[in-house]
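Inspection log for the structure reproduced underneath, given as structure tokens.
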Amino acid sequence: MKTVEEYLDSLRAINYQVYLFGEKIDNVIDHPLIRPSINSVAKSYELAADPDCAELMTVRSSLDGKIINRFTHLHQGVDDLINKVKMQRLLGQKTAACFQRCVGMDAFNAVDSVTFEMERDLGVDYHRRFRRFLRYVQENDLMVEGAMTDPKGDRSQRPSKQKDPDLYLRVVEKRPDGIVVRGAKAHQTGALAAHEILVMPTLAMSEEDADYAVSFAVPSGSSGITYIYGRQSCDTRRMEGGTIDVGNCHYGGHECLVIFEDVFVPWERVFMCGEYQYSGALVERFAGYHRQSYGGCKVGVGDVLIGAAALAAEYNGAAGASHVKDKLIEMIQLNETLYACGIACSSQGYATASGTYLIDLLLANVCKQNVTRFPYEIARLAEDIAGGLMVTLPSEKDLKHPEIGRYIEKYYRASAAVSTEQRIRVMRLIENLTLGTAAVSYRTESMHGAGSPQAQRIMIGRQADIAAKKRMAAVIAGLEKE
Ligand code: SF4
Ligand code: FE
1 MKTVEEYLDS LRAINYQVYL FGEKIDNVID HPLIRPSINS VAKSYELAAD
51 PDCAELMTVR SSLDGKIINR FTHLHQGVDD LINKVKMQRL LGQKTAACFQ
101 RCVGMDAFNA VDSVTFEMER DLGVDYHRRF RRFLRYVQEN DLMVEGAMTD
151 PKGDRSQRPS KQKDPDLYLR VVEKRPDGIV VRGAKAHQTG ALAAHEILVM
201 PTLAMSEEDA DYAVSFAVPS GSSGITYIYG RQSCDTRRME GGTIDVGNCH
251 YGGHECLVIF EDVFVPWERV FMCGEYQYSG ALVERFAGYH RQSYGGCKVG
301 VGDVLIGAAA LAAEYNGAAG ASHVKDKLIE MIQLNETLYA CGIACSSQGY
351 ATASGTYLID LLLANVCKQN VTRFPYEIAR LAEDIAGGLM VTLPSEKDLK
401 HPEIGRYIEK YYRASAAVST EQRIRVMRLI ENLTLGTAAV SYRTESMHGA
451 GSPQAQRIMI GRQADIAAKK RMAAVIAGLE KE
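Residues 1 to 482 in this note's numbering are what the sequence shown lists, from first letter to last.
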């Protein structure tokens, strides 16, 4: 496994073509806006080397028996699925941000079982190719960005019926040595912290959309790939040089628009090319795994937000108020309900034909559906407890100003037991999680990440077997015999 230093050095060797604020960025990993998200991914390397975290962070590879980082593992049983969720909660607690490495892990597991079924049914060696790629990932402890979401253009039109055919990523040329692809993937989590990109189709495809049913892996710095960095609320505070106003001193997450301008992919790295009948299963399984993931990562970040709200109450001198205690309990109950959903869909997991374990899809979709709501309520309660100061505070520079700093010290002091700066730091953390850079991963991503709410509702409707429930009712009501 890689050390943190080796991970950072390996990123330095990648020639990403990146644009941020209208400029091309040469040094990605030391850029103050980008670095916090790389620190979050680096935490997955750091904790893997910590003996106290070994059980969650590392596992024996099913491919070669070596100890690997769990983020590169194929789940071999229910215990693996549960440990995955626990690992994500731990990393959420340690970073209070999106640590980005889960998308690749979820993609590995989905691509593994679907390519097995494709190879079994069609005889093309997609699964053997994928396993060779995954061995390379495991041996080099790589961070892989899973790429699913296409820009999608006009939502009323299929991929092949779009006015601009590039609005879904597609194969534009098949050659003896490989394929050429064109298009883009939007909202790409952790794009600039990754060594490789594993691309999957974004929808169940039909025959006319066969060119869009494509899955492959390419190195992140491949020729023809351009990254345009997505900005976040309050992101430029990271360029001010302080540690207070950013709220979260070290960690963050990021997304990019990733453009593929005629990128060549050798056949050895192509895992689907035109087999549209399998794209639906790949989307469904990947989405299911990532909906399970949210029962871990969002819960870990929720733990930090609950802790911050409890500290704010203490620093404000309000910790003894019964309504504050009650609100904290409400936050815990909501947060643990999400965890219960993550554990439940894992505990009901089962083996696919490849031997790789899949979660219970109905419960994973219920998990994510709850995630579209509960973090909003937890954030609302945190803002309630914190008070309006979290959005009206003067800046760190004013706090440290030789003349006026004393006014902030004096008038924003609350409990005698804590300094004004301590109180401000906690307010800024709550601001960061609810309205700042981390609001991307804790709030809006809770809504739209791993699929928007309606996508889960469609899956819940499909998985729930309403006809069986109607029969149960008919028997009980004496309409039918058992
Ligand atoms: Fe992992 Fe959560 Fe970020 Fe997805 S949103 S990559 S599950 S931390
Ligand atoms: Fe996500």
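C-beta: ideal position from N, C-alpha, C; glycine also.
Cα-Cα separation between residue i and residue j, rounded to whole angstroms
| i | j | result |
| --- | --- | --- |
| GLU482 | ILE466 | 17 Å |
| SER220 | HIS187 | 15 Å |
| VAL114 | THR189 | 23 Å |
| HIS250 | LEU192 | 17 Å |
| VAL137 | ASP384 | 45 Å |
| GLN100 | HIS254 | 8 Å |
| VAL59 | ILE68 | 6 Å |
| GLY274 | GLU5 | 40 Å |
| VAL111 | VAL301 | 28 Å |
| ALA312 | LYS327 | 13 Å |
| ALA439 | CYS345 | 26 Å |
| SER279 | LEU198 | 14 Å |
| ALA417 | GLY317 | 10 Å |
| LYS86 | GLY296 | 6 Å |
| GLN76 | ALA353 | 12 Å |
| SER446 | THR3 | 31 Å |
| GLU284 | PHE130 | 19 Å |
| TYR7 | SER347 | 33 Å |
| SER415 | GLY320 | 13 Å |
Among the options, nearest to residue i - alpha-carbon criterion
| i | options | result |
| --- | --- | --- |
| ILE244 | GLN292, GLY230, ILE306 and MET390 | MET390 |
| LEU381 | PRO453, MET427, TYR276 and ILE306 | ILE306 |
| PHE374 | LEU334, LYS163, ILE404 and PHE264 | LEU334 |
| LYS94 | ASN39, ALA54, ASN109 and LEU122 | ASN39 |
| PRO176 | PHE264, ARG128 and ILE228 | PHE264 |
| LEU56 | PHE116, LEU91, ALA312 and TYR350 | LEU91 |
| ARG471 | GLN463, GLU480 and ALA464 | GLU480 |
| GLY252 | ASP262, THR236 and TRP267 | THR236 |
| GLY224 | VAL181, TYR315 and CYS53 | VAL181 |
| LEU362 | PRO394, VAL124 and TYR289 | TYR289 |
| GLN88 | GLN292, GLU240 and TYR16 | GLN292 |
| GLY22 | ILE228, PRO402, HIS401 and ASN83 | ILE228 |
| MET272 | MET239, MET205, CYS256 and ALA97 | MET205 |
| ASP166 | ALA319, VAL258, GLY230 and VAL124 | VAL258 |
| PRO266 | ARG231, CYS256 and SER222 | SER222 |
Strand pairing of residue i, partner residues [DSSP]
| i | result |
| --- | --- |
| CYS256 | GLN188 and TYR229 |
| GLU145 | ILE197 |
| PRO266 | GLY178 |
| GLY183 | PHE260 |
| TYR315 | Paired residues: none, contrary to the question. |
| ILE329 | In the DSSP output, where bridge partners are listed per residue, ILE329 has none listed. |
| SER215 | MET272 |
| ARG68 | The amino acid at residue 68 is misidentified as Arg; the sequence shows Ile. Partner(s): VAL59. |
| LYS24 | TYR19 |
| ALA351 | TYR357 |
DSSP state of residue i mapped onto helix, strand, coil
| i | result |
| --- | --- |
| TYR412 | coil |
| MET205 | coil |
| MET272 | strand |
| LYS94 | helix |
| SER61 | coil |
| PRO486 | Residue 486 lies beyond the residue range present for the chain, which begins at 1 and ends at 482; the question has no answer from this structure. |
| GLY178 | strand |
| TYR357 | strand |
| LEU435 | coil |
| ARG373 | coil |
| VAL418 | coil |
| ARG158 | coil |
| GLU173 | strand |
| VAL299 | helix |
| ALA281 | helix |
Cβ of residue i within 7 Å of any chain D Cβ
| i | result |
| --- | --- |
| LEU363 | Included in the structure is just one protein chain, with no chain D present. |
Residue i: CB within 6 Å of a non-hydrogen atom of the ligand GTP
| i | result |
| --- | --- |
| SER206 | Among the ligands present in this structure, namely the ligand SF4 and the ligand FE, the ligand GTP is not found. |
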